[in-house]
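Converting from the sequence shown to our numbering requires adding 788 to each position, the first position being numbered 1.
Where is the CB? At the ideal position from N, CA and C, for every residue including glycine.
Working notes, beginning with the structure itself.
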Amino acid sequence: MGDHQMVFVGGLHRSGTTPLAAVLAEHPDVSGLTGTGVVENEGIYLQDVYPQLRALGGMGRFAFNPDAHLTEDSPLAGGASAGRLMAAWSPYWDLSRPVLVEKSPNNIVMSRFLQASFPSARFVMVMRHPVVVALAMAKWDPLVVNRKGRRRVGFEGYIRHWIRAHEILMEDESRLSNLLVLRYEDLVEAPEQQLERVRAFLDLTGPIPATGIRPGRSGSYVRTWEQMRTGSVLRRRRRRVVEERYGERIQGFGYDLSSLGVLEGTGAPSARLDGRG
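Structural data, given as structure tokens:
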């Protein structure tokens, strides 16, 4: 790794990790992976150290797979894996820049493993309202059975997966030295303020450009959720199931189920830097 600072960005699909990683890479001291030829330039698809998402069950399933939750106790953790990962990723970074960013969804459940392999690494995790994420993912995954005969995850399944992934992150939080958790909703409402938090967390000199962070991306999902209140019997049932089965746990993460916003009085997620809260 040499003198580089490693930064791992994580968060479930459709949570805002791609625009965040993109604006980070616009800072003159930061390089993101580019020209990789893989989905969203995500490092998971360039390496062979740990399993890829498909082997872990894919989107909407991987957090339930014990093999996805890698920690410092994994036999894969350590310097040898760090060397292999750096060899896989380095061709796609500008190594003249001191800060190197890798972004993949599964980082949300394997940050302890990455910390064991890169002890000085810093982690920026993005969380977005689970209903919005689930509606967005369900739109991506419209078929009941895919072409390979596998049943889709479905709206409720994406809610369950969101909860499990973020429960793992919260369980791991106390074991991470350098963690910053951002809400997508805060990021798009006040991008300069939230990116200043990121800048300070990463010890960067000069602001992170806010270009590419655009508000209003959740409006259609808010309307869909409202329509599920009075729509068909099936749509009403889907909403009711989420409210009754998962409402309390969703609220525990600071999210409102009525407006799909952040609960009033809920502060920003905490940050840990070098073991200090």
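Secondary structure note for G1040: its alpha helix (DSSP H) is the uninterrupted segment 1021-1040. Distance from the CA atom of Q981 to the CA atom of L975, rounded to whole angstroms, is 8 Å. Residues of the same chain with a CB within less than 6 Å of the CB of Y1009, apart from the 5 flanking positions on each side, are V920, L923 in chain order. When the Cα atoms are used, V818 and P807 turn out to be separated by approximately 14 Å.
Separation of D1044 and G1035 (C-alpha to C-alpha, rounded to the nearest whole angstrom) is 9 Å.
By DSSP's assignment, K927 forms no beta bridge with any residue. Cα atoms of G994 and V941: separation of roughly 42 Å, rounded to the nearest angstrom.
With a cut-off of 8 Å on Cβ pairs, the stretch 848-863 is in contact with the stretch 891-898, counting three or more such pairs.
The residues V914, M915, R916, V921, Y972, in chain order, have a CB closer than 7 Å to that of S803 in the same chain once the five nearest residues on each side in sequence are set aside. Of the candidates R963, R987, E959, S962, the residue whose Cα lies closest to the Cα of L970 is R987. DSSP places E890 outside any alpha helix (DSSP H); the residue lies instead in the beta strand (DSSP E), whose first and last residues are 887-891. Going by DSSP, G871 is part of the alpha helix (DSSP H) stretching over 867-877. In this structure, DSSP gives Q981 a helical state, which the three-state scheme calls helix.
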